[in-house]
Amino acid sequence: MGRANRQLFFSPGNSAHCVVRSIHRDGKTKRFDKFLNDPCNSGTPTPSPLQAIPIKRNAKLSNLSTLKRLLPVPPAGSEAMAYLHPPLIPPHYSKPDSRDHARIVEEILSTILPNTLEDLAVRLWNDRLALGRSDAPCTLLLRHPAPLRELILFRSLFRLVDAYLAGFIEVEGDFERLFQLQKPLESLSLPWRDKARLLRLALSLPGYPKDQVPQRWCRTGERDENCRETIAHHYDVSNGFYRLWLDPEMVYSCAYFASEEQNLAAAQRDKLEYICRKLRLEPGHRLLDIGCGWGGLAIWAARHHGVEVHGITLSEQQHEWARRRVREEGLEGKVRIELKDYRDLDAEGAYDRVVSVGMFEHIGTANFPRYFDTVKHSLKPGGLFLNHGITSADGWRKSAGTRFINTYIFPDGELARISDVIDAMEKAGFEILDTENLRR
-16 MGRANRQLFF
-6 SPGNSAHCVV
4 RSIHRDGKTK
14 RFDKFLNDPC
24 NSGTPTPSPL
34 QAIPIKRNAK
44 LSNLSTLKRL
54 LPVPPAGSEA
64 MAYLHPPLIP
74 PHYSKPDSRD
84 HARIVEEILS
94 TILPNTLEDL
104 AVRLWNDRLA
114 LGRSDAPCTL
124 LLRHPAPLRE
134 LILFRSLFRL
144 VDAYLAGFIE
154 VEGDFERLFQ
164 LQKPLESLSL
174 PWRDKARLLR
184 LALSLPGYPK
194 DQVPQRWCRT
204 GERDENCRET
214 IAHHYDVSNG
224 FYRLWLDPEM
234 VYSCAYFASE
244 EQNLAAAQRD
254 KLEYICRKLR
264 LEPGHRLLDI
274 GCGWGGLAIW
284 AARHHGVEVH
294 GITLSEQQHE
304 WARRRVREEG
314 LEGKVRIELK
324 DYRDLDAEGA
334 YDRVVSVGMF
344 EHIGTANFPR
354 YFDTVKHSLK
364 PGGLFLNHGI
374 TSADGWRKSA
384 GTRFINTYIF
394 PDGELARISD
404 VIDAMEKAGF
414 EILDTENLRR
């Protein structure tokens, strides 16, 4: 068995916990809960829960140096941290011993980074300060020369993100100061002689060890349509994880705050009711909820408006949770939750109302025609459709930011302009009755 990988996670209180996943030499990972139940396949019973290490009240999330000691893991029964993406690389680095590598790194850094970055420092794997001062508010710890090598060769800041998430780069101090690197690196302009020298220096640095290459397993913007794999990447990290910070109804989209004093639970209930009123729901209506999530809207509509709801989701975790909640609410005759892709719907004119909340960001603008045609096909004549989602005035653009989101948060997510959404809906045959921006 390889080393266990640890990732910090802050609980709602003043404690910090550590996430553990077992990583084997064959590259496969083992579920967190199974790893704790039987770490060595020896039949050893689950250890008793360990106490969390208290963190000072004034500790900041950005001050990672506060948490450099080894932290205990949550008990095995804690579903919240059972499985997290992305899978990280165990930090047993092959540390380069050559002094030449350190010298080369220092030469590269002095060329690409201006001396005006007084708030930042760079420390190497051998504890040598390569750039900046020792008391800088933010220190970047370079555990291996490979990240810098790839930055020069591929000219992509995203390579640094991969290296950070894989553990080859660490940050001590104020994490936000690190973003000061973005502008000088993106706007760097050098004579061709200096560019050639940087290329030669980068090629002389060692690459990643073969068994420790950062995993770039998630494609970005390459799939034609969303699929179970991309949905599972984001939503199947565990229901317990989302319970830590969502409202009791488990609504994973923006709330509707009537005032600054309103709490999240009340604002989410108001949002659910607001959606139902916009749909003009009446008892006996059949409602299709595309991307129903954990069933919050479906249950609310059935309980408070007397409608029959068919909810579909691609997430197995959401499907399991929503069906259990329906049983607990005694709504089996009113609400049906199905593990289904919207593209597999074949019920012409079966629904009085269709709603989709926070799902169409996964579809992609190229697939809007099929999506809206499917919705139109499912509605009865005169039926209503409410589509709630995130839009962007700039639309979707290829950038380091969108690539990061597509890779590690929302695989193949794509934000469209409101005008593009309206145009696609009208081409599908919808009459636009109302649009509203919920941002305040």
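Heads up: the sequence shown begins at -16 in this note's numbering, then just goes up one per residue.
For glycine and all other residues, C-beta sits at the position ideal for the given N, C-alpha and C.
Whole-angstrom distance between residue j and residue i, CA atom to CA atom
{"i": "Leu182", "j": "Phe393", "result": "34 Å"}
{"i": "Ser5", "j": "His360", "result": "With a pLDDT of 34 at Ser5, under the threshold of 50, the modelled position of this residue cannot be trusted, and the question is left open."}
{"i": "Ala113", "j": "Leu227", "result": "41 Å"}
{"i": "Leu255", "j": "Ser339", "result": "12 Å"}
{"i": "Leu184", "j": "Ile91", "result": "7 Å"}
{"i": "Ala85", "j": "Pro128", "result": "8 Å"}
{"i": "Leu96", "j": "Pro167", "result": "7 Å"}
{"i": "Glu62", "j": "Tyr235", "result": "In this prediction, Glu62 has a pLDDT of 40, which is less than 50 and means its spatial position is unreliable; nothing more can be read from the coordinates."}
{"i": "Leu136", "j": "Ser382", "result": "18 Å"}
{"i": "Ser187", "j": "Leu171", "result": "21 Å"}
{"i": "Ala149", "j": "Leu398", "result": "27 Å"}
{"i": "Cys275", "j": "Thr296", "result": "6 Å"}
{"i": "Glu243", "j": "Ile258", "result": "20 Å"}
{"i": "Gly156", "j": "Thr122", "result": "6 Å"}
{"i": "Ile424", "j": "Met408", "result": "Not covered by the structure: residue 424. The range shown for the chain is -16 to 423."}
{"i": "Leu280", "j": "Val88", "result": "54 Å"}
{"i": "Gly294", "j": "Thr390", "result": "28 Å"}
{"i": "Asp329", "j": "Val154", "result": "52 Å"}
{"i": "Gln251", "j": "Arg380", "result": "31 Å"}
{"i": "Val290", "j": "Gly267", "result": "5 Å"}
Identity of the residue in the options nearest residue i by Cα
{"i": "Gly115", "options": "Arg126, Leu100, Pro128, Ala129", "result": "Leu100"}
{"i": "Phe413", "options": "Ser236, Leu369, Glu315", "result": "Leu369"}
{"i": "Ala305", "options": "Asp329, Asn350, Pro231, Asp253", "result": "Pro231"}
{"i": "Ile405", "options": "Gly396, Leu416, Ala119, Arg260", "result": "Leu416"}
{"i": "Asp118", "options": "Arg138, Trp283, Leu103, Gly347", "result": "Leu103"}
{"i": "Phe351", "options": "Arg400, Asn420, Ala250, Leu125", "result": "Arg400"}
{"i": "Lys323", "options": "Val154, Lys317, Glu311, Glu299", "result": "Glu299"}
{"i": "Asp177", "options": "Thr94, Leu421, Gly289, Trp277", "result": "Thr94"}
{"i": "Gly378", "options": "Gly396, His371, Gly365, Leu367", "result": "Gly396"}
{"i": "Glu344", "options": "Ala179, Ile273, Arg307, Asp145", "result": "Ile273"}
{"i": "Pro189", "options": "Gln163, Ala238, Asn98, Leu131", "result": "Leu131"}
{"i": "Ser139", "options": "Arg126, Arg160, Leu125, Gln165", "result": "Gln165"}
{"i": "Val144", "options": "Gly384, Val292, Pro364, Lys410", "result": "Gly384"}
Counterpart residues of residue i in DSSP-defined beta bridges
{"i": "Ala104", "result": "Thr122"}
{"i": "Tyr334", "result": "Leu362"}
{"i": "Glu155", "result": "Thr122"}
{"i": "Leu367", "result": "Arg336"}
Beta strand (DSSP E) segment containing residue i, residue limits
{"i": "Gly294", "result": "291 to 296"}
{"i": "Ile373", "result": "Element bounds for Ile373: n/a, residue is neither H nor E."}
{"i": "Leu270", "result": "269 to 273"}
{"i": "Ala113", "result": "112 to 114"}
Neighbour flag for residue i against chain D, beta carbons, 8 Å
{"i": "Leu96", "result": "Protein chain content of the structure displayed is limited to a single chain, and chain D is not contained in it."}
Enclosing alpha helix (DSSP H) for residue i [first to last residue]
{"i": "Val318", "result": "Unbroken run through Val318 is the beta strand (DSSP E), 318 to 322; no alpha helix (DSSP H)."}
{"i": "Asp406", "result": "401 to 410"}
{"i": "Val144", "result": "141 to 149"}
{"i": "Ile415", "result": "Premise fails: Ile415 is in no alpha helix (DSSP H) and is neither H nor E."}
{"i": "Asp327", "result": "From DSSP, Asp327 is part of no alpha helix (DSSP H); its letter is neither H nor E."}
{"i": "Leu131", "result": "129 to 137"}
{"i": "Pro197", "result": "Per DSSP, Pro197 belongs to no alpha helix (DSSP H) and is neither H nor E."}
{"i": "His302", "result": "299 to 311"}
{"i": "Cys259", "result": "247 to 261"}
{"i": "Leu168", "result": "165 to 169"}
{"i": "Arg180", "result": "175 to 186"}
{"i": "Tyr225", "result": "222 to 226"}
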